[in-house]
Amino acid sequence: MPEADFSTKEKQYHADVPQKNAPFTLKGAGSYDWGMKNRLARTFDPRSGRTVMLAVDHGYFQGPTTGLERIDLTIVPLIPSCDALFCTRGILRALVPPQVQKPMVLRASGGPSILRDLSDEEIAMDMEDALRLNACGVGVQVFVGSEHESRTVRNMTRLVDLGVRHGMPVMAVTAVGKEMKRDAQYFRLACRMCAELGATYVKTYFVEEEFETVTASCPVPIVMAGGKKMPELDALKMAYGAIQGGAAGVDMGRNIFQSDAPSAMIQAVRAVVHKNETPERALDLYKTLKAKLDKKKDR
Ligand code: R5P
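Just remember that this note's numbering sits 7 ahead of the position in the sequence shown, which is counted from 1.
Following this line, the structure appears as structure tokens:
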């Protein structure tokens with residue numbers, strides 16, 4: 008029997024109140040289904056539309072990089088401070104407590120070590136496993152201009168097909184060969200290719216000149232890749248330049264976990280990304296937090 012509830016309360020249909028259709032404002036993501044949008048909304052904070060991803064996937068080709076020798080000791084305590092962790096499924100299963108509430112973005116390509124040609128990658132994880140691990144995204148390296156360009160693009164498009172089927176965002180990582188020039192012209196090409204071929208968002212490097220043309224001509228969000236460790240102020244300046252140049256966040260590794268005070272550094276990066284804080288003010292925050300930590304250690 009329809010509506011066989013025995014409540015004595017009068018029904019409230021609010022027939023005069025139009026139903027709200029909340030817009031999904033993340034760049035280029037308006038046409039996706041609910042699962043994909045929900046995963047994106049967990050990764051990109053809907054309040055700022057931005058993300059601070061912590062990249063700790065280096066071991067998949069570099070082994071135990073400095074700062075990542077013991078991820079359980081150095082990285083797990085930082086997880087509450089990031090918006091998403093970018094790691095491998097091996098690290099996730101072995102070291103990340105399943106109680107964590109933060110979204111996990113999983114590295115899904117790999118193959119060669121630093122001893123070989125890094126562009127010679129294959130897909131290294133099933134989409135089914137990413138779903139089993141409750142991932143919020145997968146990351147795949149695309150080597151535009153390299154010997155294995157076509158295969159790495161195909162790795163990405165294969166993951167995009169599976170990602171669209173299952174509601175899993177795919178982050179394309181624009182990798183640059185040692186011999187290639189890192190300039191806006193190259194990144195415009197690489198980012199646009201990844202987006203046109205279906206990447207949900209793109210991780211790419213910051214360039215001092217014309218970075219805003221890279222973000223403007225890429226129809227999906229761009230997150231800034233970190234790179235080699237540099238002084239804290241320089242890293243904050245780079246993140247600031249990227250955010251002010253239209254990036255939707257950062258995916259930084261060494262400049263956070265190789266800092267003298269990683270937990271202070273990640274807060275400083277957050278201030279730049281989510282609060283548009285200047286690099287100088289973010290550095291002040293870093294110093295204040297670091298001083299507090301040093302004081303604690305001395306006790
Ligand atoms: C680069 O795209 C790889 O995924 C790296 O392992 C990592 O994400 C790089 O992080 P960072 O250069 O900030 O240390």
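C-beta atoms are modelled at their ideal positions from N, C-alpha and C, and glycine is treated no differently.
Please read these numbers as outputs of a predicted model, since none were measured by experiment.
Worksheet item: Excluding sequence positions up to five away, which residues of its chain have a Cβ less than 7 Å from the Cβ of Ala62?
Response: In the sequence shown, counting from the first residue as 1, residue 62 sits at position 55. Cβ within range, chain order: Phe93, Gly233, Asp258, Met259 and Gly260.
Worksheet item: Under a three-way DSSP split, which group does Tyr193 fall into?
Response: As a first step, residue 193 must be located in the sequence shown, where it is residue number 186. When secondary structure is reduced to three states using DSSP, Tyr193 falls in the helix class.
Worksheet item: Tell me, which residues are paired with Cys94 by DSSP?
Response: Walking along the sequence shown from the start, residue 94 turns up at place 87. Under the DSSP definition of a beta bridge, Cys94 partners with Leu113.
Practice prompt. Note down the Cα distance separating Arg288 from Asp90, rounded to an integer number of angstroms.
Written response: For the purposes of this step, residue 288 is taken as residue 281 along the sequence shown, with counting starting at 1. For the purposes of this step, residue 90 is taken as residue 83 along the sequence shown, with counting starting at 1. Answer to the nearest angstrom: the Cα atoms are 21 Å apart.
Worksheet item: Any chance the stretch 149–162 sits against the stretch 193–201, with 3 or more Cβ pairs inside 8 Å?
Response: Three or more pairs of CB atoms, one per stretch, sit closer than 8 Å, so the stretch 149–162 contacts the stretch 193–201.
Discussion item. On the CB-based measure, 16 or more other CB atoms within 10 Å of its CB, does Ile130 come out buried or exposed?
Written reply: Your numbering for residue 130 matches position 123 in the sequence shown. With 16 or more other Cβ atoms within 10 Å, it is buried.
Item to complete: Just the C-alpha distance for Gly66 and His155, rounded to the nearest angstrom, thanks.
Response: Against the sequence shown, residue 66 aligns to sequence position 59. Against the sequence shown, residue 155 aligns to sequence position 148. CA-CA distance, Gly66 to His155, rounds to 21 Å.
Worksheet item: Mind checking whether Met163 and Val183 have CB atoms under 9 Å apart?
Response: Here the question's residue 163 lines up with position 156 in the sequence shown. Here the question's residue 183 lines up with position 176 in the sequence shown. No, the Cβ-Cβ distance between Met163 and Val183 is not below 9 Å.
Fill in: Sheet register partners of Tyr208 (DSSP bridge)
Against the sequence shown, residue 208 aligns to sequence position 201. Met178.
Practice prompt. Quickly, what does DSSP pair Ile130 with across the bridge? List them, please.
Written response: In the sequence shown, counting from the first residue as 1, residue 130 sits at position 123. DSSP lists Ser116 as partners of Ile130.
Item to complete: Leaving out five residues on either side along the sequence, give the residues of the same chain with a beta carbon under 7 Å from the beta carbon of Leu33.
Response: What you label residue 33 is simply residue 26 of the sequence shown in a count that begins at 1. Only Leu47, Phe51, Gly56 and Pro228 meet the Cβ criterion.
Worksheet item: Any idea which residues DSSP pairs Val257 with across the strands?
Response: Here residue 257 refers to the residue found at position 250 of the sequence shown. Partner residues in the beta bridge of Val257, as assigned by DSSP, are Val59 and Met231.
Discussion item. Only counting the same chain, and skipping five residues up and downstream in sequence, which positions put a Cβ closer than 7 Å to that of Ser266?
Written reply: Within the sequence shown, the letter at position 259 stands for residue 266. So the list reads Glu239 and Met272, once near-sequence residues are dropped.
Item to complete: Work out the CA separation of Phe213 and Met245 for me, nearest whole Å.
Response: Along the sequence shown, read from residue 1 onward, the residue named residue 245 stands at position 238. Along the sequence shown, read from residue 1 onward, the residue named residue 213 stands at position 206. Roughly 7 Å separates the two Cα atoms.
Worksheet item: If Ala191 and Thr222 are in contact, beta carbons under 8 Å, what's the gap, nearest whole angstrom?
Response: Position 184 of the sequence shown, counted from the first residue, corresponds to residue 191. Position 215 of the sequence shown, counted from the first residue, corresponds to residue 222. No, Ala191 and Thr222 are not in contact; Cβ-Cβ is about 10 Å, not under 8 Å.
Worksheet entry | Gly117 and Thr95 closer than 9 Å at C-beta | By 1-based counting over the sequence shown, the position of residue 117 is 110. By 1-based counting over the sequence shown, the position of residue 95 is 88. Yes, the Cβ-Cβ distance between Gly117 and Thr95 is below 9 Å.
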